Amino acid sequence: MIDALLNQKLIFGLVGGLGLFLFGMKIMSEGLQKVAGDRMRKILAALTTNRLVGTLVGLSVTAIIQSSSATTVMVVGFVNAGLLSLVQAIGVVLGANIGTTVTAQLIAFKITKYALPAIGLGTALTLFTRKQRWKNFGEIMLGFGMLFYGLKTMKDAFAPVKDSPDFQQIFTYVGDNPLLGVLIGAILTIIVQSSSATIGITLALATSGLLTFGGSVALILGENIGTTITANLAAIGTNLAARRTALAHFLFNSLGVCYMLLFMNFFMDFVSGITPGDADFVIQTQEQASRLGGVIGDKPFIARHIANTHTMFNIINTLIFLPMVGILAKLATMMVRGREEEIEFHLKYLDSRVLNTPPIALGQARSETKRMAETALMMANDTLKFLQDGDTKVLPSLRKKEDLVDLLQKEITNFLVSLSQQSITRETSQEVASMMHMVNDIERIGDHCENLWRLGQRKVEERIDFSEIAKQEIASISKVTKDFLDLVVEGMRQSDKTILDQAQVLEDAVDHLEDSLRNNHIRRLNTGECSVDSGLIFIDMLHNFEKIGDHSYNLAEAIVGNK
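All residue numbers for the sequence shown refer to the numbering used here, where the first residue is 12 and numbers rise by one.
As structure tokens, this is what we get:
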């Protein structure tokens with residue numbers, strides 16, 4: 012028995028085949044995301060308060076990007092940002108459960124013989140074409156081929172041991188004990204961190220004739236629990252909303268597995284009724300092998316039965332729990348108790364776990380950058396108000412906003428650098444570079460706002476007063492600067508590509524005001540209308556207003572795509 016288990020061909024074939032399968036899945040998923048990135052964002056924009064629409068969106072997005080984990084993480088980020096309620100998020104995750112079954116349906120097709128041509132064609136498109144679109148399709152083909160070749164390698168690895176009585180006894184025991192099969196499926200999914208990998212291993216075992224249909228169903232049910240445990244482990248250390256969403260995912264999959272075990276025989280009969288062929292039919296003659304496209308000992312029909320089992324379980328589970336989404340949300344809230352504290356210094360949108368899904372990661376970075384710009388705008392408004400009324404009670408709030416802007420610059424920049432190291436399109440790379448410029452300009456606006464309120468604080472503490480005309484002049488340049496920042500931040504919110512002309516007018520206005528007000532002040536100094544101390548603060552303020560104008564114009568250029 013030990014010799015059979017430790018057979019070198021089995022170990023090497025299983026490890027290497029699983030590696031090819033997982034790497035192929037990754038490459039294919041990345042290629043699909045690049046091709047469907049814009050379409051995916053439009054689908055996400057369709058999210059409404061309707062739980063049915065949310066379920067359809069979760070299904071569609073997961074089917075497109077071939078990653079339920081990415082969808083789940085994205086949904087948790089939306090909940091964290093306040094864009095989705097817990098009830099809506101559960102609906103989307105229910106849909107993602109169905110969408111992820113597309114992978115099993117895909118690999119159940121008998122197209123293994125096309126794996127090597129797909130690898131060759133995919134490699135040629137990836138390496139030798141210039142157009143990014145063809146390179147993306149090349150990645151899809153390459154990943155597709157590697158996935159199926161990995162599956163074939165795993166299946167072939169079981170050939171030397173599938174006739175071993177000891178080996179057969181192990182899997183017969185799994186087939187006769189569904190609870191053991193569920194446990195193995197869950198543990199295997201947690202270990203390999205991929206439900207698709209567990210499906211691949213199950214298919215390899217089943218088509219090789221080692222695993223019965225009953226044993227396969229048990230492993231599939233366990234995989235549905237294992238993938239939610241992975242999500243819960245990933246949610247450790249996140250906020251309450253994230254942990255509750257992950258727990259709700261675990262609850263409806265686990266409860267679904269429990270009632271499915273009770274009705275397992277009926278469920279298997281149902282799947283067999285809608286799927287052609289006998290799941291446990293074994294090829295026994297060379298004539299059958301040539302007719303059914305397999306080898307003696309194979310089960311030619313079981314792959315489609317397994318894929319349909321995976322799909323039907325998640326469809327039935329979703330139909331049962333969709334009307335009870337509110338109850339699930341309440342149950343998750345009761346089980347994960349606590350009150351979400353209002354913490355200013357945290358990231359609302361960025362989640363490093365979605366870096367392997369560039370369209371989602373880019374959307375998160377875009378949202379966090381807008382939040383940073385809005386924080387800088389609030390900081391500017393509070394600064395201008397402080398310069399007018401001199402109320403020092405606003406200073407602690409200004410310090411917090413400055414610290415938050417600095418934190419966001421660091422975190423967004425690190426996130427964008429990590430994103431740029433992924434396999435991304437040229438358009439995505441350009442937008443990443445543009446966003447880095449925007450983040451730096453926003454941080455510099457925050458710095459100049461800090462300079463202004465510190466000058467105002469010095470003015471209050473040293474009891475330095477401006478003349479009435481100096482106050483009016485500061486108010487005039489403050490208004491133009493505020494209008495400029497309002498224009499730019501609103502342009503970021505709306506992705507307005509037409510703001511450059513208005514930005515140029517306001518930039519010229521700020522520069523003209525800074526120049527003329529500086530000259531006016533020098534004349535007042537010469538006539539003795541202003542003191543030297545007030546004059547130095549006044550000139551420094553003008554300089555900072557002019558710099559805010561410069562960085563605001565840089566932002567406008569980045570918004571329209573000129574930078």
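Think of the CB as a built atom: it goes at the ideal place given N, C-alpha and C, for glycine as much as any other residue. Just so we're clear, the structure is a prediction, and the values are computed from it rather than from any experiment.
- In the DSSP assignment, N462 falls within the alpha helix (DSSP H) that extends over 437-472.
- For G27 and T209, the gap between their C-alpha atoms comes out near 15 Å.
- Closest by C-alpha distance to A481, out of D458, E454, L528, L498, is L528.
- Per DSSP, N555 is one residue of the alpha helix (DSSP H) stretching across 543-571.
- Distances from the alpha-carbon of M39 to those of G133, T492, I122, L67 put G133 closest.
- When the beta-carbon positions are compared, I101 and A340 come within less than 8 Å of each other.
- Unbroken alpha helix (DSSP H) runs of no fewer than 4 residues, entirely contained in the region 245-296, are found at 251-273, 275-285, following chain order.
- Distance from M152 to V228 at the Cβ level is roughly 32 Å; contact not present, criterion being Cβ atoms closer than 8 Å.
- Annotation for E479: the continuous alpha helix (DSSP H) segment containing it runs 479-505.
- In the DSSP assignment, Y125 falls outside any alpha helix (DSSP H) and carries neither an H nor an E.
- Spatial neighbours of L258 in its own chain (CB-CB distance under 7 Å, excluding positions within 5 residues in sequence) are listed in chain order as N243, A343, M346, V347.
- Remark: C-beta atoms of I488 and E525 approach each other more closely than 8 Å.
- Here V193 carries a helix assignment [DSSP, helix/strand/coil].
- Contact check for S431 and S440: beta-carbon distance about 6 Å, within the 8 Å limit, so the pair qualifies.
- The three-state reading of DSSP puts L528 in helix, counting H, G and I together.
- Contact annotation, L31 with T218: C-beta distance approximately 17 Å; criterion of less than 8 Å not satisfied.
- Under the criterion of beta carbons closer than 8 Å, H321 and I231 qualify as touching, at roughly 5 Å.
- Contact fails between the region 62-69 and the region 188-200, because fewer than three Cβ pairs, one in each stretch, are under 8 Å apart.
- Between F549 and H532, the beta carbon gap of about 6 Å places them in contact (Cβ cut-off 8 Å).
- Under the 10 Å beta carbon count, K37 is surrounded by 16 or more other beta carbons and is classified as buried.
- Counted as a single uninterrupted DSSP element, the alpha helix (DSSP H) harbouring E379 occupies residues 369-400.
- C-alpha of Q513 to C-alpha of L427: approximately 29 Å in a straight line.
- Taking C-beta separations shorter than 6 Å and ignoring five residues to either side along the sequence, the partners of L199 in its chain run T209, following chain order.
- Relative to the Cα of L25, the nearest Cα in the group K166, Y360, H260 belongs to K166.
- Straight across, the Cα-Cα distance linking T386 with L158 is about 46 Å.
- V86 sits in a helix when the DSSP states are folded into three classes.
- Taking C-beta atoms as the reference points, K412 and M383 fail to come closer than 8 Å.
- M335: not part of any alpha helix (DSSP H); DSSP gives it neither H nor E.
- Between the alpha carbons of F224 and R62 lies a distance of about 34 Å.
- Here D187 is exposed. Its C-beta has fewer than 16 other C-beta atoms within 10 Å.
- Nearest Cα to K310 within the set L388, F281, L216, P369: L216.
- By the criterion of at least three beta-carbon pairs nearer than 8 Å, the region 122-129 is not in contact with the region 139-149.
- A distance of 8 Å or more separates the beta carbons of T492 and V516.
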